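These protein sequences, in sequence, are chains U and L.
Add 21 to a position in the first sequence, counting from 1, and you land on the number used in my numbering.
Add 21 to a position in the second sequence, counting from 1, and you land on the number used in my numbering.
Worksheet: the structure to be examined is printed underneath.
2 protein chains.
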Amino acid sequence: MPTEFELIDSYFANSPVNREDVVLGVGDDAAVVQVPEGYQLVAAVDTLVSGVHFFPDVQPDALGHKALAVNLSDFAAMGAVPAWATLALTLPEVDTAWIRRFSHGFEQLAQQYQVQLIGGDTTRGPLTISVQLLGYVPAGHAVRRSGARPGDLIFITGTLGDAGAALAVQQGMLDAGAELRGALSQRLNKPLPRVGAGLALREVAHAMIDISDGLAADLGHILGQSDVGARIDFDRLPVSESLAGLVSQLNDAAQQRGRMQIKDVDGTRPAPWPGYLDFCLAAGDDYELCFIAPADAEDRIISELRKLECPMSVVGEIEAAPGLRARLADGTVVTVQPGGYQHFGNDP
Amino acid sequence: MPTEFELIDSYFANSPVNREDVVLGVGDDAAVVQVPEGYQLVAAVDTLVSGVHFFPDVQPDALGHKALAVNLSDFAAMGAVPAWATLALTLPEVDTAWIRRFSHGFEQLAQQYQVQLIGGDTTRGPLTISVQLLGYVPAGHAVRRSGARPGDLIFITGTLGDAGAALAVQQGMLDAGAELRGALSQRLNKPLPRVGAGLALREVAHAMIDISDGLAADLGHILGQSDVGARIDFDRLPVSESLAGLVSQLNDAAQQRGRMQIKDVDGTRPAPWPGYLDFCLAAGDDYELCFIAPADAEDRIISELRKLECPMSVVGEIEAAPGLRARLADGTVVTVQPGGYQHFGNDP
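Below, the structure written as structure tokens:
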């Protein structure tokens, strides 16, 4: 069995990306890079665990892609430029074919964003992948979660719920034809981070987050850290044609995956919203951006994102009163909590 | 069960270290820090896996200490200043007492070196800990593995083999009294990185590495990357009083853990060196520094390390001919290879 060092060396040392700012890459005790003058260092880390974040039989190239993509998505949410990555890879065995395909998936995405792998640690153990992404942002210009102000609009890139639906299909809760299944699983297994959009929004967004745990939870982080509340309109949540085509099945599927905890004002009657909303609000892994910007910036945002061919929707508004509220199609207003709903007026 | 976010938030967000150069720490999509002007960024990552790098019943505070210590040791070997860390922690269950003790061990060492935890990802799965350490070095002054030159001396800080002996004690291969057992297991479970020594050696060492896989393998990396060879004197390898006290048992223990592959010139007779050398050369986890410096720097090095109360030994010399040779007590010269010995002249 090759040593850890040889493993990393042979499969990851010859990165197709060779940045001029890398002083010392893979193969010493640590890596050395040059952060450009006037910029601050940005660092994100995300771990994927077999059986928790992905099915053990997932395609290795998709896994390599996703391990980097989830970190690129964090960078998108900061408006930061990705540049360098380290990889902590724990493998049950040395399967060279697997490693080659994993590194291929990782490198293809790395090449797209000119991210160079500068270090890593390959160890034996249960399959776990932890990528640390490093990069930079002009000093003082990182987009935080804490800048949302009452009156600002809430924007979402792309569509929500597809990754959650893909998972439900794989778990046998949803029945989809081959084509639909393929489109959905692409969203779950090979998410496309919105790095370009994040950079384009850096000077206009008051706050930004990527949607990895579902809109309710992630928007909830912005609200909490900005000390504000919000109202979203369920009718305006962007759904893909794939998800729309499954709407008739989504009530049952939502039931199976455990519907949101819901309570009417008298504590008994479930609220009447359709099951697809569970997928938009409380299913993770979409990796779209949720960002907050002033209403008068809407035209500029539309124009910037159009250049990138990045779809965008306005889904609600920041309000001074704490909490996340939602307006249903019938005009009913409910309160939404990360991991569960409660009817408006019944906030414990 | 608290969410990942809440876990990190409650146990790791309130770092006792609050650096002025941290623009944005734990709690956003990524962290933002300011690398000082004129310095380059240094990054190291090391993973510890339960059952592979530590016994599942190890004290959680020792584990928190070691997860950071192994990375600090990499920084020591670069002559770099540690500053910020991220923690990817995969846990089978949310055991708050365990997490509290783990974070206590981590933070105590972090505080000693003024390292601030700026981000992390806590996930559910088999116990795995991956720490990424970030910091800086004056531009162009990182100590690499590639600078050793023929005629340079080979230096070692501290003593070798204690961590390997501690492991052998735990595995029942060595019999040690309570006091000796305690001294040895301290070396294995709570190694003390040589960060100060690494910084003191930055302007004088031609090459440096920390000894994590055993001297033969780690010095071998320096030789390979510097395109040189070396001769070490077995008699000069520094051993602790603890290890010296076990010498009579170490032949048997070395036998049990699988002795080095050894061959005499005729391919049959095992070489006659004592078992303790197996522990010095091929047992890992000592986290001492092996560094290479010109002979005329020896006085300066002695003086610098004395100020730090850091023990130091000269164990050999860099030579032009490739390969690692060793002189035994009886004058015999053998070749040493990472993971095994071969008698001089029998190098395949």
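Glycine included, C-beta positions come from ideal geometry on N, C-alpha and C.
Note that the coordinates shown come from a computational prediction; the quantities given were computed from them, not determined experimentally.
- The beta carbon of His227(U) sits no closer than 9 Å to any beta carbon of chain L.
- In this structure, Gln129(U) lies away from Asp196(U), with their beta-carbon atoms at least 9 Å apart.
- For Glu262(U), the closest alpha carbon among the candidates Arg202(U), Val158(U), Ala106(U), Leu138(U) is that of Arg202(U).
- If you draw a 10 Å sphere on the C-beta of Glu114(U), you find fewer than 16 other C-beta atoms in it, and that means exposed.
- According to the DSSP assignment, Gly179(U) belongs to no beta strand (DSSP E), since it is labelled neither H nor E.
- Taking C-alpha positions only, Met194(U) is separated from Pro295(U) by approximately 16 Å.
- Out of Gln191(U), Gly219(U), Arg165(U), the CA that lies nearest to the CA of Ser94(U) is found in Gly219(U).
- CA-CA distance, Val73(U) to Thr107(U), rounds to 22 Å.
- DSSP places Glu340(L) in the uninterrupted beta strand (DSSP E) bounded by 333 to 340.
- If the five residues before and after Gln153(L) are omitted, its C-beta is found closer than 6 Å to the C-beta atoms of Val66, Thr107, all from its own chain and listed in chain order.
- Cβ neighbours of Val44(U) within its own chain (closer than 7 Å, five residues either side excluded): Val53, Val54, Gln55.
- According to the DSSP assignment, Asp273(L) belongs to the alpha helix (DSSP H) that extends over 268 to 277.
- Between Val102(L) and Gly140(L), the C-beta gap is not smaller than 9 Å, which leaves the two residues out of contact.
- A Cβ-Cβ contact shorter than 9 Å links Ala318(L) with Val225(L).
- For chain L, the residues of the segment 99 to 118 of chain U that bring a beta carbon within less than 7 Å of one of its beta carbons are Met99, Ala101, Thr107, Ala109, Thr111, in chain order.
- Taking C-beta atoms as the reference points, Ala64(L) and Trp105(U) count as a pair closer than 9 Å.
- Val79(L) and Ala118(L) have their C-alpha atoms roughly 14 Å apart.
- Going by DSSP, Gln137(U) is part of the beta strand (DSSP E) stretching over 137 to 145.
- Within the same chain, and ignoring the five residues on either side of Gly179(U) in sequence, the residues whose Cβ sits closer than 6 Å to its Cβ are Glu309, Pro332.
- The C-beta distance from Arg166(L) to Phe255(L) rounds to 23 Å, too long to meet the 8 Å contact threshold.
- Residue pairing by DSSP places Phe75(U) opposite Ser71(U) in a beta bridge.
- Chain U places a beta carbon closer than 9 Å to that of Ser71(L), counting this residue as a contact.
- In the DSSP assignment, the residues bridged to Cys311(L) are Ile177(L), Ile230(L).
- For Asp95(L), the residues of chain U that pass the 8 Å Cβ criterion are Asp50, Ala51, in the order they occur in the chain.
- For Ala64(L), the chain U residues whose C-beta falls within less than 9 Å of its own C-beta are Ala51, Ala52, Val53, Val54, Ala64, Trp105, Thr107, Ile139, Gly140, Gln153, Leu155, listed in chain order.
- By the neighbour-count criterion, in which 16 or more other beta carbons inside 10 Å mark a residue as buried, Glu200(U) falls on the exposed side.
- Interface residue (Cβ-Cβ distance to chain U less than 9 Å): Ile339(L) is not classified as such.
- Under the three-state reduction of DSSP, Trp119(L) is assigned to helix.
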